[in-house]
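**Student:** Below you will find the structure I want to go over with you.
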Amino acid sequence: MHFSDLKEVKRSRLVAAALAFLLCLFCIVRLYAMTFPYANTAKGLQQAVEDYVPSPDDTDATQGIAPDSPLRVIGSAVQGQFLYVAYAADNADHVHGILTMKRGINGKYRPMDASESPFPYTAGIWTGNLWTSGNADNKHFFLVGDNCQEIASVRLVFRVWTKENEEAKTAEKTFAITEPDFLWIFEGKSFAEELGLSTSETNGIFTDAVVLLDKNGNDVTDQYRDDNVNDSWGTSKSTAESFLIYVYIGIVAVVGIVVVKYFLRKEENA
């Protein structure tokens, strides 16, 4: 349809076409906003953790986080289009986890997956690996500090297994603790090089020992250990890719175009 053809369309039809276009646009924006609803703010991250992490009410699982367990955000870090959120549950197993979220074009995030396990300490350091999207051979290493007010530093003993053989390489590094609660993320390959554990291919960096130190350099790990925690399990869950939402958006767009063209047709074709 050319611009001159609009002169032959009644004003009522132009208004109807405009309203149909706005309604279609609203539906598309709303669908996308529902898919990427969480802002990178304290309130937004807390809401994301509370919505996504707990086990469903109808599950009989004895492990994980119950719907009524209090949850708190420990820290967060952005790596490219991904936002990693460290969280903890105030339950018997002191469950700690990492929620991975992906940023949308609206600047907000949607949950992708969460991994969690018991934490056998009342305070201290939790470590592990994050699989980076699209690059399974390069894993990030994370370090989470929880309630570390009286912990001045932590000594970690690292181990790397190579893919070429079963021999492990080890290294040790001490980190100064500058804040009570935090999430630190290190790019896997560069961190391995820093530790002197660089290999052509690694299966991730693992922690053999965590030693908590006070300001005098004394080992205070046992002061925070909770022997009542069953730390023999771990769990994870993930969300399907957002392909389906783009299908819905495409359907809404096609319907909108058809309706708009219907109202903009020439009166003689009515």
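Anchor point for the sequence shown: position 125 equals 125 in the numbering used here, and the numbering is continuous, going up by one each time.
Glycine included, C-beta positions come from ideal geometry on N, C-alpha and C.
Suppose you measure from the CA of residue 123 to the CA of residue 150; what does that come to, to the nearest Å?
**Tutor:** Cα-Cα distance, rounded: 9 Å.
**Student:** Suppose contacts are defined by Cβ-Cβ distances below 8 Å. Is residue 139 in contact with residue 196 by that definition?
**Tutor:** It is not a contact, given that the beta carbons lie outside the stated cut-off.
**Student:** For residue 255 and residue 50, what's the separation of their Cα atoms in angstroms?
**Tutor:** Taking the straight line joining both Cα atoms gives about 36 Å.
**Student:** Report buried or exposed for residue 116, applying the criterion of at least 16 other Cβ atoms within 10 angstroms of its Cβ.
**Tutor:** By the 10 Å Cβ count, residue 116 comes out buried.
**Student:** Around the C-beta of residue 26, are 16 or more other C-beta atoms found within 10 angstroms, so that it is buried, or is it exposed?
**Tutor:** Exposed: under 16 other Cβ atoms inside 10 Å.
**Student:** So for residue 79, helix, strand or coil by DSSP?
**Tutor:** Looking at residue 79 - three-state DSSP - the assignment turns out to be strand.
**Student:** Name, in chain order, the residues that DSSP records as bridge partners for residue 11.
**Tutor:** According to DSSP, residue 11 bridges with nothing at all.
**Student:** Which class does residue 219 belong to by DSSP, given the choice of helix, strand or coil?
**Tutor:** Of the three classes helix, strand and coil, the one that applies to residue 219 here is strand, per DSSP.
**Student:** Return the Cβ separation of residue 98 and residue 84 in integer angstroms, given the expectation that the two are a contact with Cβ distance under 8 Å.
**Tutor:** About 6 Å; that satisfies the 8 Å criterion.
**Student:** Could you name the residues of the same chain whose beta carbon sits closer than 6 Å to that of residue 269, not counting the 5 residues immediately before and after it, in chain order?
**Tutor:** Confidence at residue 269 is low in this model, with a pLDDT of 48, below 50, so its placement is unreliable and the value that follows should be read with caution. Within the same chain, residue 269 has no close Cβ partners at all.
**Student:** Using a Cβ-Cβ cut-off of 6 Å (strictly less than) and excluding sequence neighbours within five positions of residue 38, which residues of its own chain qualify?
**Tutor:** Closer than 6 Å at the Cβ level, and outside the excluded window around residue 38, lie 44, 48, 108 and 109.
**Student:** For residue 213, which option in 205, 224 and 206 has the closest C-alpha, if you only look at C-alpha atoms?
**Tutor:** Closest option to residue 213, Cα to Cα, is 224.
**Student:** What does a CB cutoff of less than 6 Å around residue 219 pick up in its chain, not counting 5 residues either side in sequence?
**Tutor:** Once the five neighbours on either side are set aside, the close Cβ partners of residue 219 are 211.
**Student:** Select from 232, 32 and 54 the residue whose C-alpha is nearest the C-alpha of residue 276.
**Tutor:** In the structure as shown, the chain starts at 1 and stops at 270, and residue 276 therefore has no counterpart that could be examined.
**Student:** Less than 7 Å between C-beta atoms, sequence neighbours within five positions excluded: which residues of the same chain meet that for residue 28?
**Tutor:** So the qualifying residues of the chain are 249, 252 and 253.
**Student:** If we ignore side chains and look at the alpha-carbon of each, how far apart do residue 221 and residue 234 end up?
**Tutor:** Looking at the two C-alpha atoms, the distance is approximately 22 Å.
**Student:** Could you tell me whether the Cβ atoms of residue 152 and residue 185 are closer together than 8 Å?
**Tutor:** Cβ distance not < 8 Å, so residue 152 and residue 185 don't count as in contact.
**Student:** What does the alpha-carbon distance come out to for the pair residue 54 and residue 127?
**Tutor:** So the alpha carbons of these two residues sit roughly 21 Å apart.
**Student:** May I have the straight-line CA-CA distance separating residue 92 from residue 236, to the nearest angstrom?
**Tutor:** About 19 Å.
**Student:** Mind checking who residue 116 pairs with in its DSSP beta bridge?
**Tutor:** Residue 116 pairs with 97 and 235.
**Student:** Measure the beta-carbon distance from residue 65 to residue 89 and round it to whole angstroms, keeping in mind my assumption that it falls under 8 Å.
**Tutor:** Yes, residue 65 and residue 89 are in contact; Cβ-Cβ is about 5 Å, under 8 Å.
**Student:** Going along the chain, which residues of its own chain have a beta-carbon closer than 6 Å to the beta-carbon of residue 154, five neighbours each way excluded?
**Tutor:** These residues qualify, in order along the chain: 125, 175 and 212.
**Student:** Go ahead and pull the three-state DSSP assignment for residue 250.
**Tutor:** Helix, per DSSP.
**Student:** Which of helix, strand or coil does DSSP assign to residue 16?
**Tutor:** Here residue 16 sits in helix by DSSP.
**Student:** Locate the beta strand (DSSP E) running through residue 169, then write down its first and last residues.
**Tutor:** Looking at the DSSP string, the run of the beta strand (DSSP E) that includes residue 169 is 168-176.
**Student:** Identify whether residue 265 lies in helix, strand or coil by the three-state DSSP scheme.
**Tutor:** Here residue 265 sits in coil by DSSP.
**Student:** Pick from 95, 46 and 56: whose alpha carbon is nearest that of residue 72?
**Tutor:** Comparing Cα-Cα distances from residue 72 to each of 95, 46 and 56, the minimum goes to 46.
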